[in-house]
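In the working numbering, the protein residues as written are 329 to 593.
Just so it is clear, CB atoms sit at the ideal spot from N, CA and C, and this is done for glycine as well.
All values reported here derive from a predicted model rather than from experimental measurement.
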Ligand SMILES: Nc1ncnc2c1ncn2[C@@H]1O[C@H](COP(=O)(O)OP(=O)(O)OP(=O)(O)O)[C@@H](O)[C@H]1O
Ligand SMILES: [Mg+2]
């Protein structure tokens with residue numbers, strides 16, 4: 329297993345059903361790198377995360393390969409215990425009646441809920457780990473509360489808890505702050521920052537430039553399945569690159585180290 333790279337794509341084609349999103353994608357993400365991926369709606373951000381997580385596979389063709397942690401072939405269950413995932417897709421898949429504790433425990437099984445705790449042999453280790461995570465994310469009050477009765481921020485924190493149970497090296501976060509108010513967003517970002525400090529690397533898809541913090545090493549800009557800029561964030565987040573990415577005239581202010589885009593015209 330490569331100690332170097334989380335993701336290595338060489339001339340990779342990626343499809344969503346019949347639709348080709350990436351053609352001849354070449355991209356390497358190192359294991360310890362934290363990366364933000366930005367791009368217009370439909371540019372391929374979620375597709376890329378799904379390829380890392382093995383929810384989708386590359387088309388087979390000569391001289392093309394896609395390695396995750398240095399390996400082409402994976403037992404997806406093993407892989408998913410190494411990669412934590414928070415996304416709208418996952419969130420929507422949950423039955424609203426699932427209680428907080430079940431959401432978090434489901435991370436041990438890489439499943440959507442655990443369909444009644446009694447069916448599963450929950451080990452002492454799993455219970456303790458779940459409680460530790462609930463404490464870490466201030467979720468103790470939500471242990472028995474169904475998702476349907478939680479605020480959006482509380483639900484998202486539960487999903488982050490689910491992503492953390494196996495102590496994964498990598499967290500894939502697809503617009504994790506969608507629907508969160510300003511305070512919840514800031515708290516969530518602080519949590520992510522603390523996780524980064526603990527050694528997790530974060531692959532963050534976001535539309536909010538202000539969420540790109542000092543913890544992010546690298547920014548990748550996508551437009552229609554093509555990487556149009558890739559590198560250290562200060563070099564990549566420029567008016568010119570953002571304008572090419574979003575195909576409108578974007579202005580950019582930087583206030584206290586945070587990027588604030590605005591429409592120029
Ligand atoms: N199941 C599907 N079948 C066909 N095409 C799909 C399917 N899912 C996604 N696509 C297409 O693939 C392209 C990339 O989608 P993807 O979800 O990766 O975009 P995205 O960059 O995450 O966009 P957003 O910012 O809206 O989340 C889009 O053009 C989309 O319409
Ligand atoms: Mg998406």
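Classification of residue i by the beta-carbon crowding that lies within 10 angstroms, buried from 16 upward
i	result
residue 378	buried
residue 589	buried
residue 356	exposed
residue 490	buried
residue 385	exposed
residue 451	exposed
residue 394	buried
residue 470	buried
residue 432	buried
residue 347	exposed
residue 540	buried
Residue i - DSSP class collapsed to helix/strand/coil
i	result
residue 477	helix
residue 419	helix
residue 359	coil
residue 482	helix
residue 559	strand
residue 509	coil
residue 404	helix
residue 543	coil
residue 603	Only positions 329 to 593 of the chain appear in this structure, which leaves residue 603 out of reach.
residue 467	coil
residue 387	coil
residue 579	strand
residue 597	Here the chain comprises residues numbered 329 to 593, so residue 597 is not present and cannot be evaluated.
residue 498	strand
residue 516	helix
residue 592	coil
residue 524	helix
residue 449	coil
Beta strand (DSSP E) segment containing residue i, residue limits
i	result
residue 414	411 to 414
residue 546	546 to 551
residue 531	529 to 533
Residue i beta carbon near ligand 2 (any heavy atom closer than 7 Å)
i	result
residue 524	no
residue 506	no
Residue i Cβ short of 7 Å to ligand 1 heavy atom set
i	result
residue 382	no
residue 345	yes
residue 404	no
residue 349	yes
residue 369	yes
Span of the alpha helix (DSSP H) around residue i
i	result
residue 459	452 to 464
residue 333	Here residue 333 belongs to no alpha helix (DSSP H); instead the beta strand (DSSP E) covers 333 to 344.
residue 437	Premise fails: residue 437 is in no alpha helix (DSSP H) and is neither H nor E.
residue 574	567 to 574
residue 399	Premise fails: residue 399 is in no alpha helix (DSSP H) and is neither H nor E.
residue 426	Residue 426 -> no alpha helix (DSSP H), and no H or E assigned at all.
Below-8 Å beta-carbon distance, residue i vs any chain B residue
i	result
residue 412	Although the question refers to chain B, the structure presented lacks it and comprises just one protein chain.
Closer than 7 Å between the C-beta and any heavy atom of ligand 2: which residues qualify, listed along the chain? 373, 374, 502, 503 and 533
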